[in-house]
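Quick notes on the structure that follows.
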Amino acid sequence: MIPSIAPIEAWCGPVGTAQPRLKPPPTGRDTEIVFPPADSLVGRMREITRNELTGWGLAALLDDAELVVSELVTNAVRHGGGTAVTLRVRHTGDAVRIEVTDGNPAAAKPRAAGPDDESGRGLGIVAAVSQQWGVSSDGCTTWSRLALPPGGTP
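Okay, here's the thing in structure tokens:
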């Protein structure tokens with residue numbers, strides 16, 4: 001279980017600064033990062049996810065995990081109402097669960113993007129690479145479950 005989080009200012013400085021900080025290292029294979037809603041941090045969240053999964057010996061999931069993080073974090077930054085965003089990456093034994101939380105209670109919903117649209121495909125991509133995905137009952141957290149391939153658990 002992840003311990004309760006401190007206010008964003010404790011980890012990132014004043015809201016609006018672009019320097020995310022990891023929580024103190026949790027036990028087990030869980031990572032939680034709270035950061036301000038900035039497009040410039042999407043790449044950093046992918047990098048943190050890549051580093052964590054590599055350290056956990058889960059390289060088989062790197063591409064899909066980075067794609068999921070990119071899409072979910074981008075949605076939270078763009079549609080979260082300007083609130084802090086939380087990224088959680090958890091190794092659950094036979095899978096990796098990625099959760100992104102923002103302050104917007106409107107549940108994320110896939111939409112049909114037209115061939116010329118520059119956005120609107122993110123949740124469809126998440127659904128395509130995930131074993132399961134969904135939204136919390138309060139609408140603030142969107143999650144994805146990426147199953148490890150056979151023999152993929154260290």
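Here the sequence shown is numbered in UniProt numbering, starting from 1 and rising by one per residue. Backbone N, C-alpha and C define an ideal beta-carbon position, used for all residues, glycine too.
Exposure of residue i, with buried meaning 16 or more beta-carbon neighbours within 10 Å
i           : result
residue 47  : exposed
residue 138 : exposed
residue 51  : exposed
residue 64  : buried
residue 136 : exposed
residue 84  : buried
residue 54  : exposed
residue 124 : exposed
Beta-carbon proximity list for residue i, same chain, < 8 Å, skipping 5 on both sides
i          : result
residue 79 : 102, 104, 106, 108
residue 95 : 131, 145, 146, 147, 148
Other residues of its chain near residue i: CB distance less than 6 Å, five sequence neighbours each side excluded
i          : result
residue 72 : 100, 142
residue 74 : 42
Own chain partners of residue i with C-beta closer than 7 Å, once the 5 adjacent residues on each side are dropped
i           : result
residue 39  : 77
residue 185 : Absent from the model: residue 185. The displayed extent of the chain is 1 to 154, so no value can be given.
residue 49  : 65, 66, 69, 89
residue 140 : 101, 102, 103, 104, 105
Nearest-angstrom Cα separation, counted from residue j out to residue i
i          : j           : result
residue 93 : residue 128 : 22 Å
residue 8  : residue 126 : Low local confidence applies: a pLDDT of 34 at residue 8 is under 50, so the model's placement there is unreliable, with the coordinate-based value given in what follows. One C-alpha to the other measures close to 27 Å.
residue 14 : residue 42  : At residue 14, the pLDDT of 40 sits below 50, so the modelled position is not reliable; the number obtained from the coordinates is stated separately. For residue 14 and residue 42, the distance between alpha carbons rounds to 19 Å.
residue 35 : residue 44  : 10 Å
- Item | Entirely enclosed alpha helix (DSSP H) segments - the segment 122-153, minimum 4 residues | Qualifying alpha helix (DSSP H) stretches, in chain order: 122-129.
- Task: Could I get the ranges of all uninterrupted beta strand (DSSP E) runs contained in the segment 59-110, with 3 residues as the minimum, in chain order?
- Result: The DSSP assignment places 85-91, 95-101 as complete runs of the beta strand (DSSP E) inside the segment 59-110, in order along the chain (cut-off: 3 residues).
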